[in-house]
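So in this note's numbering the end of the sequence shown lands on 587, straight run, no missing numbers.
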Amino acid sequence: MKAAVIRECGGIDKLVVEDIETPKPEPGEALVRIGAAGVNHLDHDIREGISGFPLAMPHVPGIEGAGEIVELGEGVNAAKVGDRVGVALLAPCGQCTMCRGGQDNLCFNGNFLGATMWGTYAEYVCCKESQLVPLPDGLSFEKAAASHLCFGTAWHMTVHYGDVKAGQTVLVNAAGSGVGTSAIQIAKLHGARVIASAGSDEKLEKAKALGADVVINYTKDNLAEAVMEATDGLGAEIIIESVGGDVLVKSIEAAAKGGILVTCGAHAGEQIELDVIQLFRKNLRFQGSVLSTRLEMERVFQLVAEGKLDPTIHAAMPLDDVQAAAALTRDRNFFGKMLLIP
Ligand SMILES: [Zn+2]
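Encoded structure:
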């Protein structure tokens with residue numbers, strides 16, 4: 246099969262499209278012909294060897310994708326050849342206390358697509374049965390691959406933790422990111438008012454088109470002051486944060502009393518100076534969030550199929566252009582989702 250392969254950790258030039266042997270599904274696994282693969286920032290950390298995942302070389306990156314099952318290993322019961330599926334990043338074990346408690350996104354023994362196993366930058370991927378998420382009729386592989394991580398992660402943050410309700414104000418930082426564009430739509434779907442923030446006016450214009458009611462450029466304006474101004478001094482009840490650094494600090498200042506800040510990333514600064522007094526004085530909750538549950542992914546796919554959520558696809562590029570796609574995501578020079586079509 247054709248795949249983008251890395252044979253050693255390093256820069257984008259280490260991603261080379263090669264012909265390698267198509268993997269064979271072991272018991273409990275499925276072979277999926279990839280229709281579309283999502284390009285994510287975590288792919289860079291994995292390729293550079295700074296993700297914390299132990300990599301076995303050669304390695305095929307790609308933590309997100311959708312396609313069609315073409316072969317099954319022994320003992321796979323819940324899927325059949327020809328099924329259209331999304332392939333989840335995490336293969337939960339199904340046995341640990343987290344899995345048994347319905348929090349499979351926090352599985353203790355999980356395998357990770359494109360990290361501890363080969364990923365989706367390839368014509369085929371071999372995955373565990375627990376990673377297969379059925380696609381509703383009418384949902385394209387492109388839209389599924391573009392929805393999986395972004396909408397799944399944003400749903401877990403906004404709905405599961407944020408418990409978003411009509412009339413509430415939701416501040417969405419990094420409004421041009423995959424999670425940001427998704428959180429705007431999810432909050433609007435629930436009837437909330439959305440304040441979107443980003444570092445460029447161009448991204449904010451696009452956030453407005455997605456439904457954002459107020460937009461703030463945090464490189465020009467003081468984010469906390471601008472949010473307070475837009476909310477008559479009350480602040481935002483739910484904050485969807487993935488920037489870190491000063492944006493995170495300002496977001497805590499921008500939070501309403503009893504509000505919740507949910508974070509899923511901190512590329513602009515993982516260490517911050519936190520004024521703890523604000524947390525108890527305002528009764529704030531500070532919540533970390535990772536991925537989504539399998540059930541949430543199924544619901545997200547259904548809403549995308551119904552057209553109630555619509556992933557923003559920046560570009561769908563052929564697998565041969567993997568280095569160009571990687572450069573765009575590395576430089577954050579895109580709005581929405583980058584896809585590779587094997
Ligand atoms: Zn588990």
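Backbone N, C-alpha and C define an ideal beta-carbon position, used for all residues, glycine too.
Hey, residue i and residue j: beta-carbon distance below 9 Å or not?
i, j, result
"K448", "G489", "no"
"G331", "G310", "yes"
"E316", "D328", "no"
"T414", "I431", "no"
"S292", "G255", "Contrary to the premise, residue 292 reads as Arg rather than Ser in this sequence. Against a cut-off of 9 Å, the Cβ pair of G255 and R292 comes out as a contact."
"M362", "C371", "yes"
"G359", "D288", "yes"
"D382", "A550", "yes"
"G444", "V507", "no"
"S496", "L468", "yes"
"S375", "R544", "no"
"M583", "V284", "yes"
"L573", "A560", "yes"
"F546", "V378", "yes"
"P453", "A367", "The question names Pro, but residue 453 in the sequence shown is Lys. Not in contact: K453 and A367 (Cβ atoms no closer than 9 Å)."
"V326", "G273", "no"
"A481", "A457", "no"
"L536", "G397", "yes"
Would you list the residues sitting across from residue i in a DSSP beta bridge?
i, result
"V494", "According to DSSP, which records beta bridges pairwise, V494 is partnered with nothing at all."
"T414", "R438"
"K582", "I558"
"Q532", "V507"
"H304", "I251"
"A311", "A281 and G331"
"L358", "M362"
"C372", "A275"
"L377", "V332"
"A500", "A481"
"D264", "K247"
"P299", "For P299, which the question treats as bridged, DSSP gives no partner whatsoever."
"V459", "I440"
"E474", "For E474, which the question treats as bridged, DSSP gives no partner whatsoever."
"E551", "Answer is none; E551 lacks a bridge partner."
"L317", "A275"
"P563", "I586"
"E486", "T508"
"A570", "Answer by DSSP bridge pairing: none, since A570 is not bridged."
"A367", "A248"
Would you kindly work out how many angstroms separate the C-alpha atoms of residue i and residue j, rounded to a whole number?
i, j, result
"P475", "K433", "At residue 475 the sequence reads Ala, which differs from the Pro that was named. Straight-line Cα distance between these residues: approximately 17 Å."
"L493", "I308", "26 Å"
"P563", "A501", "45 Å"
"P306", "V409", "34 Å"
"R345", "G339", "7 Å"
"E266", "A275", "16 Å"
"S385", "D555", "12 Å"
"L260", "L380", "29 Å"
"G280", "I586", "6 Å"
"G533", "F525", "17 Å"
"R575", "A282", "17 Å"
"Y369", "E450", "38 Å"
"G581", "I461", "18 Å"
"N354", "E253", "26 Å"
"D349", "K373", "14 Å"
"P337", "F357", "9 Å"
"A570", "L334", "19 Å"
"V567", "A471", "39 Å"
"L479", "G412", "13 Å"
"D491", "Y463", "10 Å"
"T426", "E387", "16 Å"
"V417", "G436", "15 Å"
"I505", "E515", "19 Å"
"A323", "P270", "15 Å"
Check whether the Cβ of residue i lies closer than 8 Å to any heavy atom of ligand 2, and answer yes or no.
i, result
"K325", "In the structure on display, ligand 2 does not appear, and the ligands it does have are ligand 1."
Checklist entry - Per the contact definition of three or more C-beta pairs closer than 8 Å, is the segment 398-413 in contact with the segment 290-298? => result no
Checklist entry - Does the pairing of the segment 388-395 with the segment 526-534 give three or more beta-carbon distances under 8 Å? => result no
Checklist entry - Can you list every residue whose CB sits closer than 7 Å to some heavy atom of ligand 1, going in chain order? => result P337, C338, G339, Q340, C341, M343, C344, D349, C352, F353, N354 and G355
Item to check | contact_flag[the segment 479-486, the segment 497-511] where n(CB pairs < 8 Å) is 3 or more | outcome: yes
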